[in-house]
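Chemist: The opening residue of the sequence shown carries number 978 in this note's numbering; numbering runs sequentially from there. Backbone N, C-alpha and C fix where the C-beta goes; we use that ideal spot for every residue, glycine too. None of these values were measured; they are calculated from a predicted model. Mind having a look at this structure? Questions to follow.
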Amino acid sequence: MSNNQIPGVPEGWELVHAMRHAIAGEHYIGSDGIVRRCLSEGESMYAYPIIRKIEQPAKYRQFRNAREADQFWNASLRLAGVTGDAKDSRFRITSIGRDGITTNAEFYSYEAAFYKFCVDDDGTPFGVRIDE
């Protein structure tokens, strides 16, 4: 049974524990069915279903021009989707142009660079974050 099928868990939330005392800062479903946040220093007085908000991954798009890409002039890029020892391969941007970037004497359009490179070790795409 998925979290969305468990009665009382709102859309966009997931069940952490079916029934226990809430700790300060945790969200729970009160006996009235309303999502509440535990504010006490210790634990809640009664046991409740503990829930948390499901984090949505950030969305990105490719750069449209050099002005958008310019913030990464000194960034060290790595190949997207690569793990292990190969992820240590770094690429330096040597130029940023109207239609793309050049790294290690190879040109990549902004679209190609978006799919090929990451900026951080956590896999942040080489592009513009879209805040919805």
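(1) Would you kindly report the start and end of the unbroken beta strand (DSSP E) that includes E1020?
(2) What do you reckon, are the CB atoms on K1030 and R1106 nearer than 9 Å?
(3) Shortest alpha-carbon distance to V1096 belongs to which of E1003, A1046, G985?
(4) Buried or exposed for P1034, going by 16 or more other Cβ atoms inside 10 Å?
(5) Between N1051, R1038, V1012, F1094, which has its C-alpha nearest D1108's C-alpha?
(6) Which residues in the same chain as A999 place their Cβ atom closer than 7 Å to its Cβ, once the five residues preceding and following it in sequence are excluded?
(7) Tell me, please, which residues DSSP counts as bridged to G1077.
(8) Going by Cα to Cα distance, which pick from S1008, R1013, R1069 is closest to W990?
(9) So the beta strand (DSSP E) R997 belongs to, where does it begin and stop?
(10) Please check the pair S1066 and D1076, which I expect to be a contact at CB under 8 Å, by giving their CB distance rounded to whole angstroms.
(11) If you draw a straight line from the C-alpha of T1071 to the C-alpha of T1080, how long is it?
Modeler: So, from the data block:
(1) Within the sequence shown, numbered from 1, the residue matching residue 1020 stands at position 43. Start and end: 1020 to 1030.
(2) Taking the first residue of the sequence shown as 1, we reach residue 1030 at position 53. Taking the first residue of the sequence shown as 1, we reach residue 1106 at position 129. Not closer than 9 Å, so no.
(3) Position 119 of the sequence shown holds residue 1096. Selected option, being the one with the closest Cα: A1046.
(4) Your numbering for residue 1034 matches position 57 in the sequence shown. Exposed, by the Cβ-count rule.
(5) Position 131 of the sequence shown holds residue 1108. Nearest option by C-alpha distance: R1038.
(6) Numbered from its first residue, the sequence shown carries residue 999 at position 22. The answer, listed in chain order, is Y1005, C1015, E1020, S1021, Y1025, I1027.
(7) In the sequence shown, the residue the question calls residue 1077 occupies position 100. Looking at the DSSP assignment, G1077 forms a beta bridge with S1086.
(8) Here residue 990 refers to the residue found at position 13 of the sequence shown. Measuring from the Cα of W990, the nearest candidate turns out to be R1013.
(9) Along the sequence shown, read from residue 1 onward, the residue named residue 997 stands at position 20. Segment 990 to 1000, the beta strand (DSSP E) holding R997.
(10) One-based indexing of the sequence shown puts residue 1066 at position 89. One-based indexing of the sequence shown puts residue 1076 at position 99. In fact, because the Cβ distance is near 24 Å, the residues do not count as touching under 8 Å.
(11) Locating residue 1071 in the sequence shown gives position 94, counting from the first residue. Locating residue 1080 in the sequence shown gives position 103, counting from the first residue. Distance between the alpha carbons of T1071 and T1080: 5 Å.
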